[in-house]
Amino acid sequence: MEEKKFDLNTLIGFLLIGGILLWMLYQNQPTPEEIEAEKAKTEQVVEESTTSDIQNTPVFESSVTTENTVNTTDSLAVSELQNRLGSFAYSGTLPSAKEGTTVVENDVLQLTVSNKGGYIVEAKLKDQTQYRGEPVYLIKDGNNDFNLQFSAENRLLNTRDLFFEPTVSENGENQVLSMKLKTSESAYIEYRYELKPGEYMLDFNLRTQGLDGVIDASQPMYLDWNYKGYRQAKSISYENRYTRLTYEFENGDDHSKLSPTGEDEETEVDVTWLNFRQHFFSSMILTDTAFKEVKLTSEDLVKDEEVDTLFTKKYGARMLLEPKGGALAYDMNMYYGPTDYQIFKTYDRNLDEAMPLGWGLFGFLNKYLIIPVFSLLSDWFPAGIAIIVLTILFKLLLSPVQYKQYVSQAKLKVLKPELDEIKKKYEGNNMKIQQETLKLQNIAGASPLKGCLPALLQIPVFYALFTFFPTAFDLRQKSFLWADDLASYDVVAELPFHIPFYGDHVSLFPILASIAIFVYMMMSMGSTMQQQQQPGMPNMKFLMYLSPLFMLVFFNNYASGLSVYYLTSNLITIGIMVVIKNFIIDEDKIHAKIQVNKKKPKKQNRFQRKMAEMMEQAEAQKKAQQKNKK
Numbered sequence: 007m008e009e010k011k012f013d014l015n016t017l018i019g020f021l022l023i024g025g026i027l028l029w030m031l032y033q034n035q036p037t038p039e040e041i042e043a044e045k046a047k048t049e050q051v052v053e054e055s056t057t058s059d060i061q062n063t064p065v066f067e068s069s070v071t072t073e074n075t076v077n078t079t080d081s082l083a084v085s086e087l088q089n090r091l092g093s094f095a096y097s098g099t100l101p102s103a104k105e106g107t108t109v110v111e112n113d114v115l116q117l118t119v120s121n122k123g124g125y126i127v128e129a130k131l132k133d134q135t136q137y138r139g140e141p142v143y144l145i146k147d148g149n150n151d152f153n154l155q156f157s158a159e160n161r162l163l164n165t166r167d168l169f170f171e172p173t174v175s176e177n178g179e180n181q182v183l184s185m186k187l188k189t190s191e192s193a194y195i196e197y198r199y200e201l202k203p204g205e206y207m208l209d210f211n212l213r214t215q216g217l218d219g220v221i222d223a224s225q226p227m228y229l230d231w232n233y234k235g236y237r238q239a240k241s242i243s244y245e246n247r248y249t250r251l252t253y254e255f256e257n258g259d260d261h262s263k264l265s266p267t268g269e270d271e272e273t274e275v276d277v278t279w280l281n282f283r284q285h286f287f288s289s290m291i292l293t294d295t296a297f298k299e300v301k302l303t304s305e306d307l308v309k310d311e312e313v314d315t316l317f318t319k320k321y322g323a324r325m326l327l328e329p330k331g332g333a334l335a336y337d338m339n340m341y342y343g344p345t346d347y348q349i350f351k352t353y354d355r356n357l358d359e360a361m362p363l364g365w366g367l368f369g370f371l372n373k374y375l376i377i378p379v380f381s382l383l384s385d386w387f388p389a390g391i392a393i394i395v396l397t398i399l400f401k402l403l404l405s406p407v408q409y410k411q412y413v414s415q416a417k418l419k420v421l422k423p424e425l426d427e428i429k430k431k432y433e434g435n436n437m438k439i440q441q442e443t444l445k446l447q448n449i450a451g452a453s454p455l456k457g458c459l460p461a462l463l464q465i466p467v468f469y470a471l472f473t474f475f476p477t478a479f480d481l482r483q484k485s486f487l488w489a490d491d492l493a494s495y496d497v498v499a500e501l502p503f504h505i506p507f508y509g510d511h512v513s514l515f516p517i518l519a520s521i522a523i524f525v526y527m528m529m530s531m532g533s534t535m536q537q538q539q540q541p542g543m544p545n546m547k548f549l550m551y552l553s554p555l556f557m558l559v560f561f562n563n564y565a566s567g568l569s570v571y572y573l574t575s576n577l578i579t580i581g582i583m584v585v586i587k588n589f590i591i592d593e594d595k596i597h598a599k600i601q602v603n604k605k606k607p608k609k610q611n612r613f614q615r616k617m618a619e620m621m622e623q624a625e626a627q628k629k630a631q632q633k634n635k636k
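Here the sequence shown stands for residues 7 to 636, numbered as in our numbering.
In C-alpha cells:
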C-alpha cells in the first residue's frame, strides 16, 4: 500500500478558500445603521403580533404569494401573468379580480364566499349562540381552506390562489351564487351554491365548461378541504370527546370514523359523505357521485385544556375527482348546522351514522325508542322536566325486572342465618361451604345469579341513555334549576386552582347523584354483600364506594342533563325499594315458603347436576390428598 504524504498545495488551497469566505462575510455585513433599523422593525412586528387577536390570523396560508391580478393596460404584467397561469390569466384581468366577498343567507344560515378561491370563508348560524353568548361561527377568520388542484397547460394550479367572478340570482325562493373561474366568457370552472329557506343544507355543484383543451384530464384532480373546529362549549375537554371525523364509503354501504384522540389518517374509496363533527355542530360535504378515493386526516389540538382553548381538532380530506369526457360534473351538498338527529333523518342520507348513538342494540334503542319519546316529551315539557318524565317512564318499563331483583335480594337476606350456620359448621372447608351454600340457595330459589340477571337486562337501556344525553341537541342551552345549560356542567362554586380529572369548579348535580348512588348501593348491596360473598372470592364491598366516587369526579365536567338523569333514576329506585320492602315483600312469608320448598324434592337441571358432581369430585380428591399427607 502506498504511503499517504502531506500535500502542501492542498493546505494552501483550503487556506485561500477560507480567506475568501471571511472577506465576503466582512464585506456583506450590515452597517450599524442597518442593524438598528432592522432591530426596530423586528420589535414593531413582535409588538403588533402580540397585541393582535389570534382569531384574526388565518389558519391556512396560501401557497402562492404573488398577486394573481394585473392592470389590463400593463402589457408586461399581463404577459407575466400568462406565463404563470396560462389561459387562467384571463381571470386576473376581470373587475372581480380583487379581494371581495358575497353573502347569501336565509333565516338560519349566513354564508360569506370569497372572490379569491371561490369558497366559503364565513359560515354563521343565525339561530345559535355559543357558551359566551356570541354567535356560532363554524367558519371564520381563516379556519377553512377549500381548494381544487388541477393541471392545465403544463402548470399545477390551485383555485385557492385564483379569482372567481360572482353572480347572484334567485331560483324561486332559493338564493343562488355562481362563482366562475374563467379562461374566457364561455369557458370556466364553476362553484354553484344554492341556499333554500330555513335549511342548513345547501346545494353545491362543481363543474367545468369549455376547458377540454386547457385542463389536462389525464392528470389527477383533487378537491382539498382542510378545517379547524372552533371551540363552542364551556368544557373544551367534554366537547372534544364528542368531536370526530365521520364518513360514509363503499357507495353508502359502510360507515366509519377516525380516532378522537391524537393523530389519525385513513384512505377510503367511493366516499359519499364526510362530516367534520364538532360535538353539537357539523360541517359536511355530500356527493351524489362518490369520490373515487379520499385521504382523511384528523389531529387532536387540545393538548392542555387550560391552554389550548381556541380550536378542538384539525381535519383534512383530499378527494380524488374523476372527469367524465374530460370535464368535471359533481352534484354535491354542503351542511353547516346542528348535529341533530331530528334534522339529519329528514335528508334520508344515513346522516344518523354521523352521530355517536352507540352501536348495535344501543343505537337501535336510541333511534327508535329514546329519541322519539324524548322529542315528544320536549314538545310538552321544559327540558329538565322532560328528563325526569323520561326517567320515570323507563323505570316503570323496567319495574317487573327490578321487582324480581329485589325479591331475590330479600330471599338472600332471609337465608343469611342459615348461610352463617353453614359457614360455622364447615369452617376451614371452603369447598364444602360452597357446595352446601349453592344447595340451599337452589332450594330457596335465591341464587345470586338470579339477582344479577335482571340487572344485566337493564344494561342496554342504561347504556343507550348514557350515549343519548351527551348528544341530545334538544338539551343545549336549556336551563333547569341552578343549571343554565343542561348540555354542559352546572357550576355552584369556582375553584382558585385546577384539580386533575375534576376541574376548576364544583358541580352540584354530580354530588347529589353520587349521594343517591351510595344510598342505593347501601340498600341493595350492603345487607346482602356478606351472604353472597363466597369463600376464596375477593371482597366486592369496594364497589359501594367506587361508583359514587366515579360519578363525583368524572361527571363534574359532563353534561348536567346526564347527572339529572342519574340523580332522578336512583331516587326513584330508592323509593321503589322502600315501598317493596315495607309494603309488598313479607320476609316472614318468604321464609315460610323457603322452609316448605326445603321439604319438597328439588329436581336439578343438567347444569346443576354437573356442578354438584364436580364439587363432590373435588371434595373427594381433597380428602384423598389429606389422607395421603398423613
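Note that the Cβ used here is the ideal one computed from N, Cα and C, for glycine as well. This structure is a prediction, so every number in the text was calculated from the model and none was measured.
Excluding the 5 residues flanking Val51 on each side, which residues of the same chain have their C-beta closer than 6 Å to its C-beta? Confidence at Val51 is low in this model, with a pLDDT of 38, below 50, so its placement is unreliable and no value can be given for it.
Whole-number beta carbon distance between Thr252 and Glu359, since they are thought to touch under 8 Å: 7 Å
Where do the N-terminal and C-terminal ends of the alpha helix (DSSP H) with Leu404 fall, by residue? Ala389 to Lys431
Ile376 beta carbon less than 7 Å from that of Phe474: yes
Mapping the DSSP letters down to three states, classify Lys647 as helix, strand or coil. Since the first and last residues shown for the chain are 7 and 636, residue 647 lies out of range.
In three-state terms, what does DSSP make of Ser569? helix
So what's Lys373 in DSSP terms, helix, strand or just coil? helix
Contact between the segment 243-261 and the segment 273-285 is defined here as three or more beta-carbon pairs at a separation below 8 Å; is this criterion met? yes
When the Cα of Leu100 is compared with those of Gln134, Glu191 and Thr579, which residue comes out closest? Glu191
Span of the alpha helix (DSSP H) holding Asn246? Ile242 to Arg247
Pick out whichever of Gly216, Phe287 and Leu163 has its Cα sitting closest to the Cα of Tyr236. Phe287
So what does Arg324 bridge to, in DSSP terms? Asp230 and Lys301
Where do the ends of the alpha helix (DSSP H) carrying Tyr526 lie? Leu514 to Met527
Between the alpha carbons of Val420 and Asp510, how many angstroms are there, rounded? 47 Å
Which residues in the same chain have their Cβ closer than 6 Å to the Cβ of Gly390, if we skip the five residues on either side of it in sequence? Phe486
Between Leu382 and Asp133, what straight-line distance do the alpha-carbon atoms span, to the nearest angstrom? 22 Å
Quick one: give me the first and last residue of the beta strand (DSSP E) that Ile145 is part of. Pro141 to Ile145
Whole-angstrom distance between Lys301 and Arg161, CA atom to CA atom: 23 Å
Considering only C-alpha positions, which residue in the set Phe317, His261, Asn257 and Gln116 is nearest to Thr249? Phe317
Which residues in the same chain have their Cβ closer than 6 Å to the Cβ of Val498, if we skip the five residues on either side of it in sequence? Val512 and Leu514
So, using beta-carbon positions, are Lys298 and Glu272 closer together than 7 Å? no
Tell me whether Lys186 is buried or exposed, calling it buried when 16 or more other Cβ atoms sit within 10 Å of its Cβ. buried
Do you know offhand how far Val114's Cα is from Gln181's? 13 Å
Could you give the first and the last residue of the continuous alpha helix (DSSP H) run that contains Tyr347? Tyr347 to Phe350
Same chain, Cβ closer than 6 Å to Phe350, five either side skipped, listed in chain order: Leu357 and Asp358
Taking the alpha carbon of Gln348 as the point to measure from, which residue in Pro226, Leu334, Pro502 and Asn372 has its own alpha carbon closest? Asn372
Minimum C-alpha distance to Tyr199 - residue among Tyr233, Met529 and Gln116: Gln116
Answer yes if the segment 217-229 comes into contact with the segment 139-154, meaning at least three C-beta pairs across the two stretches below 8 Å, and no otherwise. yes
Quick check: Asp6 and Ser304, are their CB atoms within less than 7 Å of each other? In the structure as shown, the chain starts at 7 and stops at 636, and residue 6 therefore has no counterpart that could be examined.
Sequence-distant residues of its chain with Cβ nearer than 6 Å to Lys146 (five each side left out): Glu128
With H, G and I counted as helix, E and B as strand and the rest as coil, what does DSSP make of Ala333? strand
Quick check on DSSP: helix, strand or coil for Trp365? coil
Between the alpha carbons of Tyr551 and Glu424, how many angstroms are there, rounded? 28 Å
Among all the DSSP beta bridges, which residues are the ones paired with Ile578? Its beta-bridge partners do not exist; DSSP assigns none.
Quick one: what does DSSP say Asp358 is sitting in, helix, strand or coil? helix
Helix or strand or just coil, what does DSSP make of Tyr96? helix
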